[in-house]
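Structure record follows, encoded as structure tokens.
Residue numbers (the working numbering): 28 to 262.
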């Protein structure tokens with residue numbers, strides 16, 4: 028072993044010599060015999076010096092496994108967790124507020140007003156269901172629910188007057204005084220056949236506070252124009 032590792036191998040290949048020299052360093056038990064210096068030996072010495080310098084640059088020490096695991100996987104502190112939760116919560120609240128504002132803008136109706144509707148304005152004269160002559164002054168300052176029809180109407184007029192009576196009942200339940208706060212009005216567009224007595228008998232079938240109106244064909248036409256209504260006289 029001694030001669031193979033220490034002496035004869037360096038003569039053929041300098042690279043192998045450095046490898047075997049390293050093996051000799053760790054395993055040979057006696058010092059090799061002195062040899063004449065040669066260029067290969069000098070090169071080998073330089074290589075060994077470089078290897079020793081490289082070994083000096085590295086420092087090896089044992090590290091505990093738990094210590095290494097703690098370094099690689101550090102647990103988050105409570106402060107970091109609380110700050111993360113707070114930031115996430117505030118961001119969620121702000122985002123939800125923006126979404127709600129956007130939805131409210133979409134639901135809000137977009138409209139514009141252009142003055143007021145002139146319904147019921149102007150001067151007119153009519154005859155009520157009691158045969159008394161009235162003018163627009165009796166209706167001023169009161170909310171009105173006006174329906175145009177005639178007493179010989181077979182189905183539409185009774186159905187609509189029933190709806191009017193039901194609406195008046197709902198208003199009464201909420202504290203409105205029918206006839207003062209709100210006036211339901213039935214206007215006959217068939218003045219030739221609808222007399223005040225006939226109108227009174229007809230409207231009492233639906234609600235006691237419905238106010239009946241009629242007049243001459245000219246008066247009825249003027250009244251309908253004031254209320255922006257259009258009709259044709261039944262034949």
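Glycine residues also receive a C-beta, built at the ideal position from the N, C-alpha and C atoms.
Everything numeric in this text was worked out from a predicted model, so none of it was measured.
- A residue is called buried when at least 16 other Cβ atoms come within 10 angstroms of its Cβ; residue 218 meets this threshold and is buried.
- Collapsing the DSSP output to three states places residue 204 in coil.
- Separation of residue 223 and residue 150 (C-alpha to C-alpha, rounded to the nearest whole angstrom) is 21 Å.
- The residues 169, in chain order, have a CB closer than 8 Å to that of residue 207 in the same chain once the five nearest residues on each side in sequence are set aside.
- In this structure residue 104 is exposed. Its beta-carbon is surrounded by fewer than 16 other beta-carbon atoms within 10 angstroms.
- The beta-bridge partner set that DSSP reports for residue 213 consists of 174, 239.
- In the pairwise beta carbon analysis, the region 236 to 244 is classified as touching the region 183 to 203: at least three pairs are separated by under 8 Å.
- With a cutoff of 8 Å on beta-carbon distance, residue 216 and residue 172 are scored as not near each other.
- Residue nearest to residue 212 within the set 245, 125, 177 is 177 (criterion: CA-CA distance).
- Here residue 221 is buried: its Cβ has 16 or more other Cβ atoms, across all protein chains shown, within 10 Å.
- Taking a 10 Å sphere around the C-beta of residue 214, we find 16 or more other C-beta atoms and assign the residue as buried.
- Here the alpha carbons of residue 175 and residue 254 stand approximately 10 Å from one another.
- Annotation for residue 209: 169, 170, 171, 172, 195, 198, 203 place their beta carbon closer than 8 Å to its own, counting only its chain and skipping 5 residues before and after.
- The beta carbons of residue 148 and residue 166 sit about 11 Å from each other, so the pair does not count as a contact at 8 Å.
- The beta carbon of residue 243 lies closer than 7 Å to those of 218 in the same chain, with the five residues before and after it left out.
- In the DSSP assignment, residue 161 falls within the unbroken beta strand (DSSP E) covering 160 to 162.
- When DSSP reads this structure, residue 219 sits in no beta bridge, so it has no partner.
- Excluding five sequence positions before and after residue 200, none of the CB atoms of its chain fall closer than 8 Å to its own CB.
- In the structure shown, the three-state DSSP call for residue 190 is helix.
- According to the DSSP assignment, residue 152 belongs to the beta strand (DSSP E) that extends over 152 to 155.
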